[in-house]
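In what follows, a single structure is set out as structure tokens and then discussed.
In our numbering, the protein residues as written are 129 to 720.
Now the structure itself:
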């Protein structure tokens, strides 16, 4: 991802703004056209599917009622022999049938067969005589078979069960096989069994009159029986169609032959069948797909025209910028006197004026810098001469110390030596110092102050040896000690006790200067704490403390803090420095 970002950035840096703007406009227009075409296509596609679903649903609702009526006609037709008293007497007798009685049975069977044009086969079983009479469309005559038991039929338990006394199963030679048991109430054992096999004329009429060439229909039973299945479907396709029909949705989409197909399912009113009509989505949206392709072609043409106009317009707009680039290249050769006059818009005119003003300012700055360089070199020569002054001061202090040592004035010798070390420490370069160096100079300062105040100044110093290499702002701790003495010994306070501690706490170095001097008034304490949070705040008091806070902010990026606390009971003032320990162990740029 990072490499890709760098590649894009490099390409941007090598490409003109005109090409970048053209690409941006092209992407924006392409995205807008694509979104518009996609939105229109999907919206119209949903509308087309909804219309197709409604149309198929209307057809299936009508045909499901017709199929239900057709089944009811079969039920009524199968009971015609029940109303024939002669037939019922023959079926009820236990003796073998006479020739005349067999003629009557065959005549009744022929009448029933020729009464309907959709019969593929009709069978009649006389259960008490164990006889079967059959007639089919291949040979228009009655076939008679003896010793045939109706109880041996596979679905005997179904068509002899109350209350319907019927069964219905799909067959390969037609639409379905309907079986009816004829009983003589109140007895429930069948006297005869009528079995009808009907062709698919009812379904073929539906397909012929109401469905288009792309639309197909399947008729399933309530439990998945396949009564009429469209040609060319695999077993997986049939299962998928029926599985969708079992769902709660009125319409659904499945893969039929790996083709997305829109399906509509409707059960018959008696729930005996489920009709499923289906049509490939590609056929549903055929006209819409042609419209979409035409829209894409128009979109490409519109994009090409837009890019052409954009390129021309952007070239016209950016032409003044090219002139400005030539002007800046001349500036790069050192020519600051030429002027750029840009036209084309208010922004370009303003940019032209700004560039001319900037060039004039740079020209003047170069002249001033040249003069300042000469002045700086003169000042450096003067500074070199002035460096003899500190050496003179150190040499003088050393002479006084040597004289005091020769006269046995050890106290005076230590005072002069401490003063010399403080002066050398203060003027030597470097912004940071180690805690060890800072404590040594603090001790020198306190020695001089104790020579002044005597027993009125008591000092304790406690420092963790592990922190002696910690780097901190030079003279920072010394300025806090000086503040405690200068501001603490005022008013009625005649003595002061100082306590310096250095310890580590939670990843921070905690340096504390505590005194029992006169303290800080509450209003002034609040003002100081507010100023310590933002060292840029202007405050006329405690300039040294504010200066130290500003140095902390710059050196430690705002991660070091100065905390100020003052109380009356007991009377004490505490200044705490919190410095990140990650700056440890070396103090770069420290002073000796």
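Beta carbons: idealized from backbone N, C-alpha and C, even for Gly.
Where residue 573 is concerned, the enclosing alpha helix (DSSP H) starts and stops at 563–581. DSSP places residue 629 inside the beta strand (DSSP E), whose first and last residues are 624–633. Among the bridge pairs identified by DSSP, residue 406 is matched with 344 and 391. Distance check between residue 305 and each of 275, 246, 341 and 274 places 246 closest, using alpha-carbon atoms only. Contact between residue 357 and residue 325 is absent: CB atoms are separated by about 17 angstroms, not below the 8 angstroms threshold. In this structure, the alpha-carbon of residue 219 lies about 29 angstroms from that of residue 301. The distance from the Cβ of residue 185 to that of residue 321 is about 38 angstroms, inconsistent with a contact at the 8 angstroms cut-off. Listed in chain order, the alpha helix (DSSP H) elements of length 4 or more contained wholly in the segment 246–312 are 284–287. Under the Cβ criterion (8 angstroms, minimum of three pairs), the segment 420–434 does not count as touching the segment 211–228. Remark: C-beta atoms of residue 570 and residue 606 approach each other more closely than 8 angstroms.
Contact annotation: residue 562 and residue 618 have beta-carbon atoms that are not nearer than 8 angstroms.
At a Cβ-Cβ threshold of 8 angstroms, residue 660 and residue 690 count as neighbours. Residue 486 counts as exposed, since fewer than 16 other C-beta atoms from the protein chains shown sit within 10 angstroms of its C-beta. Fewer than three Cβ pairs drawn from the segment 196–207 and the segment 337–348 lie within less than 8 angstroms of each other, which leaves the two stretches out of contact. Counting other Cβ atoms within 10 Å of its Cβ, residue 543 reaches 16 or more and is therefore classed as buried. In the structure shown, the three-state DSSP call for residue 655 is helix. In this structure, the alpha-carbon of residue 331 lies about 32 angstroms from that of residue 172. The C-beta of residue 291 has fewer than 16 other C-beta atoms within 10 Å across all chains shown, which makes the residue exposed. Straight across, the Cα-Cα distance linking residue 205 with residue 307 is about 11 angstroms. For residue 380, the enclosing beta strand (DSSP E) has its first and last residue at 379–384. Sequence-distant Cβ neighbours of residue 265 in its own chain, meaning closer than 6 angstroms and more than five residues away, are 248. Going by beta carbons, residue 390 and residue 381 fall inside the 8 angstroms limit. Taken atom to atom, the span from the alpha-carbon of residue 451 to that of residue 165 is near 42 angstroms.
Using a Cβ-Cβ distance cut-off of 8 angstroms, the segment 544–552 and the segment 584–591 are not in contact, since fewer than three pairs of beta carbons, one from each stretch, lie closer than that value. In this structure, residue 189 and residue 394 form a Cβ contact; the two beta carbons are roughly 6 angstroms apart against a cut-off of 8 angstroms. For residue 147, the secondary structure class from DSSP, reduced to helix, strand or coil, is helix.
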